[in-house]
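> Next up is a structure, given as structure tokens.
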Amino acid sequence: MLAAGVFLLLILLFEHRGGVIWARLRTYVKIAVPVYAIFGLIDRLYQYYRFGSFTNTYVTIFARECHRLDPTLPPNYPWETPFHIGFLGPLMTPEKSIFLFDPLLVLSILISMLTWKRFSPQVKAYVLTAFLLLLAYISFYAKYTVWSGDFAWGDRYVSTAAELAAFISVPLLLQYRLQLGRLAWCAGIGLIALSTCIQIASLAFWLPLEIYQMETLGHPTFVIALRFKNIVAFALGKMDQWGLTNHAMMEDDWDYVHITTWNFLPFLLRRVHEAPAWVVRITFLVWGISIAAFAATFWQLARVAGLNIEGQDTQ
């Protein structure tokens, strides 16, 4: 809600001056505030129905119950993490850095720095709003007891905001390819390829795998590199020889089954041994056809985009 308001305000600031802005703001307030108020009331009614309070959320109850069970917790739990640790963590740590899990963020920043003056007011407003939203999320969760999002691939608390800031990088790269030059274009393609590999790797195994491994490997751990190492080790059947298994994986049958196979439905069905063999075979067939269809579609889109870019180059 706030991000949408900031986005519209920035467009007005980039496009207009003076009285026009105030006139548009008054119109926006007349329309938006009643809508926000209605949905805000619905949210508060839900909180009251669920937790018995119009002003609090479940976090208050969570903190109270945790203090009751463990009186040694800090008085400000669950907001006891030093701000600088929770703020720098999503930016710099090898286990949760948004730049490692979403390399397209780097591309968004690079293109914005090089071609900012060429952006339309709408694009400028989107880029600023996206990064302000990302900053707000990082700052809000910086003092939370598990600022990192705990069991997640990357920092789950800021993942949506990070993706909003990263998604625009590819369209901008295609739009401003000629202005950026060959070096920036090659760097952009490299970042896109790297991001694609990381996203595919994120699906290869169930996400707790590296979290369990870090119980014996220790901290800090470069999670992205560990995931690729796990992929190679599993493909070669060397998980044990490379020291990538530990007792935590064996304590729960559910965890053990899901961690010791590729994290895709056909492989999970085959590994769990609950589905009939014919269901597994059909699932593999549908999965393979879907991948082939996606590859063909992607190839066609890439070919069309390449032709369009070549046409721009010759103009």
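Counted the way the numbering used here counts, the sequence shown spans residues 1494 to 1808.
C-beta: ideal position from N, C-alpha, C; glycine also.
Select from 1621, 1527, 1528 the residue whose C-alpha is nearest the C-alpha of residue 1501.
Nearest of 1621, 1527, 1528 to residue 1501, Cα basis: 1621.
> Work out the CA separation of residue 1713 and residue 1564 for me, nearest whole Å.
Whole-angstrom Cα-Cα distance: 29 Å.
> Put residue 1509 into one of helix, strand or coil per three-state DSSP.
Of the three classes helix, strand and coil, the one that applies to residue 1509 here is coil, per DSSP.
> Would you call residue 1746 buried or exposed, if buried means 16 or more other Cβ atoms sit within 10 Å of its Cβ?
Label assigned to residue 1746: exposed.
> I need the straight-line Cα distance from residue 1655 to residue 1704, nearest angstrom please.
Each residue's alpha carbon lies about 22 Å from the other.
> In this structure, does DSSP put residue 1700 in helix, strand or coil?
The answer is coil: DSSP assigns residue 1700 none of H, G, I, E or B.
> Would you kindly report the start and end of the unbroken alpha helix (DSSP H) that includes residue 1630?
Looking at the DSSP string, the run of the alpha helix (DSSP H) that includes residue 1630 is 1614-1634.
> Are residue 1721 and residue 1755 close, meaning C-beta to C-beta below 9 Å?
No, these two residues do not count as a Cβ contact at 9 Å.
> Buried or exposed for residue 1535, going by 16 or more other Cβ atoms inside 10 Å?
Label assigned to residue 1535: exposed.
> For residue 1787, does the three-state DSSP call read helix, strand or coil?
Helix.
> What residue from 1753, 1594, 1702, 1569 has the CA that sits closest to residue 1686's CA?
Out of 1753, 1594, 1702, 1569, 1594 has the C-alpha closest to the C-alpha of residue 1686.
> To the nearest angstrom, report how far apart residue 1546 and residue 1637 are at their CA atoms.
One C-alpha to the other measures close to 22 Å.
> Can you give me the Cβ contacts of residue 1694 inside the same chain, cut-off strictly under 7 Å, excluding the 5 residues immediately before and after it?
1720, 1721, 1724.
> Report, in whole angstroms, the separation of the C-beta atoms of residue 1627 and residue 1658, which I expect to be a contact under 8 Å.
With 8 Å as the limit, residue 1627 and residue 1658 qualify as a contact, their Cβ atoms being about 5 Å apart.
> State the Cα-Cα distance for the pair residue 1616 and residue 1599, rounded to the nearest angstrom.
Looking at the two C-alpha atoms, the distance is approximately 17 Å.
> Contact check, residue 1701 vs residue 1644 under 8 Å by CB: the rounded distance?
Contact flag correct, Cβ pair sits at about 6 Å.
> Once you ignore the five residues that flank residue 1759 on each side, which residues in its own chain have a CB closer than 8 Å to its CB?
Counting only Cβ-Cβ distances below 8 Å, and skipping sequence neighbours, we find 1773, 1776, 1777, 1780.
> Can you tell me whether residue 1723 is helix, strand or coil according to DSSP?
Residue 1723: helix per DSSP, three-state reduction.
> In the DSSP assignment, find the alpha helix (DSSP H) that holds residue 1582 and state where it starts and stops.
Element bounds for residue 1582: 1576-1585.
> Curious, which full-length alpha helix (DSSP H) runs of at least 4 residues does the segment 1634-1681 contain?
1652-1660, 1662-1668, 1670-1673, all fully within the segment 1634-1681.
> Rounding to the nearest angstrom, what Cα-Cα distance links residue 1566 and residue 1642 in this structure?
Looking at the two C-alpha atoms, the distance is approximately 19 Å.
> Taking residue 1648 and residue 1578 to be in contact with their CB atoms under 8 Å, please state how far apart those CB atoms are, rounded to whole angstroms.
13 Å between Cβ atoms; not a contact.
> Quick one: measure Cβ to Cβ for residue 1651 and residue 1669, integer angstroms, because I've assumed they're closer than 8 Å.
Residue 1651 to residue 1669, Cβ: 27 Å. No contact.
> I believe residue 1614 touches residue 1508 by the beta-carbon criterion, under 8 Å. Please report the beta-carbon distance rounded to the nearest angstrom.
Confirmed, about 5 Å.
> Between the beta-carbon of residue 1603 and the beta-carbon of residue 1681, is there less than 9 Å?
It is a contact, given that the beta carbons lie within the stated cut-off.
> Could you tell me how far apart the beta carbons of residue 1494 and residue 1539 are, in whole angstroms, since I believe they sit closer than 8 Å?
The Cβ separation is near 16 Å, so there is no contact.
> Within 8 Å: the Cβ of residue 1629 and any heavy atom of the ligand PLP?
Looking for the ligand PLP in the displayed structure turns up nothing, as the structure carries no ligands at all.
> If contacts are defined as beta-carbon pairs under 8 Å, then residue 1661 and residue 1583 qualify, I think. What distance do you get, rounded to the angstrom?
20 Å between Cβ atoms; not a contact.
> Could you check where the alpha helix (DSSP H) with residue 1751 kicks off and where it finishes?
Note, residue 1751: alpha helix (DSSP H), 1746-1752.
> With a threshold of 7 Å on Cβ separation, who are the neighbours of residue 1504 within its own chain once the five nearest residues in sequence on each side are excluded?
1614, 1615, 1618.
> How close, in whole Å, do the beta carbons of residue 1587 and residue 1715 come, if the pair is a contact with beta carbons under 8 Å?
About 4 Å; that satisfies the 8 Å criterion.
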